[in-house]
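This note's numbering puts the first residue of the sequence shown at 109, with every later residue one more than the last.
The C-beta atom is built at its ideal place from N, Cα and C for all residues, glycine as well.
Everything numeric in this text was worked out from a predicted model, so none of it was measured.
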Amino acid sequence: MSSTSAQPTIFSRIIAREIPATIVAETENIIAFLDIAPKAPVHVVVTTKDQQYRNVVELAAGNPALLAELVAVAEQIAVERTNGQFRLVFNTGAAAGQTVFHVHAHVMGSPEPADVLGEDSLGAL
Ligand code: AMP
Numbered sequence: 109m110s111s112t113s114a115q116p117t118i119f120s121r122i123i124a125r126e127i128p129a130t131i132v133a134e135t136e137n138i139i140a141f142l143d144i145a146p147k148a149p150v151h152v153v154v155t156t157k158d159q160q161y162r163n164v165v166e167l168a169a170g171n172p173a174l175l176a177e178l179v180a181v182a183e184q185i186a187v188e189r190t191n192g193q194f195r196l197v198f199n200t201g202a203a204a205g206q207t208v209f210h211v212h213a214h215v216m217g218s219p220e221p222a223d224v225l226g227e228d229s230l231g232a233l
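Shown next as structure tokens:
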């Protein structure tokens, strides 16, 4: 965390192992865990260990290499867990459904070759 005054986000508390989660991938800078409220047969949250970037736009501007690393981990998870076709969603702003202001991607898909994702996994709008 870059700012010592910032309250840890729920994801930082998962990273610190203060809150349990099913962690499916971890690198020096990135961590991924199963979403607690899955909206697809495979639904994994991929986030940065540093909570300084609130959303993907801030991350792209501030550390594009870290964004590329996050996407690479997301792709690896999709290769391992889905049929190879998947959604990679960055909700950006509360009105778009963002509830945790610590940049993260949702990897959503299915391992079944014939499955087609429903619109539900895009959110309520
Ligand atoms: P967003 O609404 O785009 O900010 O995404 C936040 C996601 O984090 C939601 O899909 C939540 O279900 C998920 N989430 C919140 N708390 C936890 C938790 N403790 N473990 C796993 N996923 C969580």
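Contact test: residue i Cβ vs ligand 1 heavy atom, cutoff 7 Å
i: N191; result: no
i: G217; result: no
i: Q115; result: no
i: F194; result: no
i: T207; result: yes
Nearest neighbour of residue i, chosen from the options [CA to CA]
i: A202; options: L178, N191, A145, R162; result: R162
i: F198; options: D223, T207, I144; result: T207
i: F141; options: A148, I123, K147, D158; result: I123
Presumed contact (8 Å Cβ cut-off) between residue i and residue j, rounded CB distance
i: V150; j: V215; result: 7 Å
i: A148; j: G217; result: 6 Å
7 Å CB neighbourhood of residue i in its chain, flanking five on each side removed
i: A213; result: V154, L178, A182, L196, V197, F198
Exposure label - residue i; buried when at least 16 CB within 10 Å
i: A186; result: buried
i: T135; result: exposed
i: I138; result: buried
i: V224; result: exposed
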